[in-house]
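**Q** Here you go, one structure.
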Amino acid sequence: MKNIAVFADVQNIYYTTRQAYGRQFNYRKLWQQLNEMGNVVSANAYAISRDDDQQIKFQDALRHIGFDVKLKPYIQRSDGSTKGDWDVGIAIDVMEAAQSEEQPVDIIVLLSGDGDFDMLMAKVREGYGKEAVVFGVPTLTANSLINAVDRFIPINEDILL
């Protein structure tokens with residue numbers, strides 16, 4: 001059985017599934033699919049902390065499923081724009097998992113459609129010999145990311161709430 005490390009870009013998945021389908025992603029169904037692929041040895045969900053009750057319940061649900069929820073504060077700038085980007089944190093954690101000897105993994109799974117991760121996933125695949133898998137909304141996932149991985153698994157109606 002293959003060992004799997006999972007990295008979920010929560011904001012990206014939330015906005016892409018909402019934009020494409022007007023629905024939310026079903027992390028429980030994802031977990032079922034992952035268990036069919038192998039043994040999940042680590043699972044991180046990267047989210048923004050806004051301290052509202054709905055977000056806290058969602059984060060607790062992710063923890064209950066098996067995710068380690070990593071939070072960054074929600075930042076609102078003086079010009080009204082907001083910031084809450086986990087790209088560098090995700091990249092560091094993916095690289096550490098790909099190189100780990102104490103908890104070796106065979107498959108790196110990323111949930112995101114963000115093309116900024118294309119080089120990261122190519123490195124996982126080519127540099128570390130890990131199977132690189134991306135779950136993403138087909139119409140909103142960068143082609144460069146799809147082309148960088150061994151397997152692209154489309155997020156469609158079957159894995160939504």
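Residue numbering for the sequence shown follows full-length UniProt numbering, beginning at 1 and increasing consecutively.
Built from N, CA and C at the ideal position, the CB exists for glycine as well.
Please report the distance separating the alpha-carbon of residue 167 from that of Val10.
**A** In the structure as shown, the chain starts at 1 and stops at 161, and residue 167 therefore has no counterpart that could be examined.
**Q** Report the three-state DSSP secondary structure of Asp118 (helix, strand or coil).
**A** Residue state, collapsed to three classes: helix.
**Q** So Leu34 and Val109 are supposed to be a Cβ contact under 8 Å. How far apart are they, rounded?
**A** 7 Å
**Q** What residue ranges within the stretch 29 to 57 form continuous beta strand (DSSP E) runs of no fewer than 3 residues, ordered along the chain?
**A** 39 to 49
**Q** Could you check if Asn143 is buried or exposed, using at least 16 other CB atoms within 10 Å of its CB as the buried criterion?
**A** exposed
**Q** Contact check, Val94 vs Leu111 under 8 Å by CB: the rounded distance?
**A** Not really, about 12 Å apart at Cβ, beyond 8 Å.
**Q** Would DSSP call Asp68 helix, strand or coil?
**A** strand
**Q** Smallest Cα separation from Tyr46: which of Leu30, Ile4, Ala91 and Lys29?
**A** Ala91
**Q** Does the Cβ-Cβ distance between Asn44 and Phe67 come in under 8 Å?
**A** yes
**Q** Considering only C-alpha positions, which residue in the set Glu36, Trp86, Gly38 and Gln99 is nearest to Gly127?
**A** Gln99
**Q** In this structure, does DSSP put Asn156 in helix, strand or coil?
**A** coil
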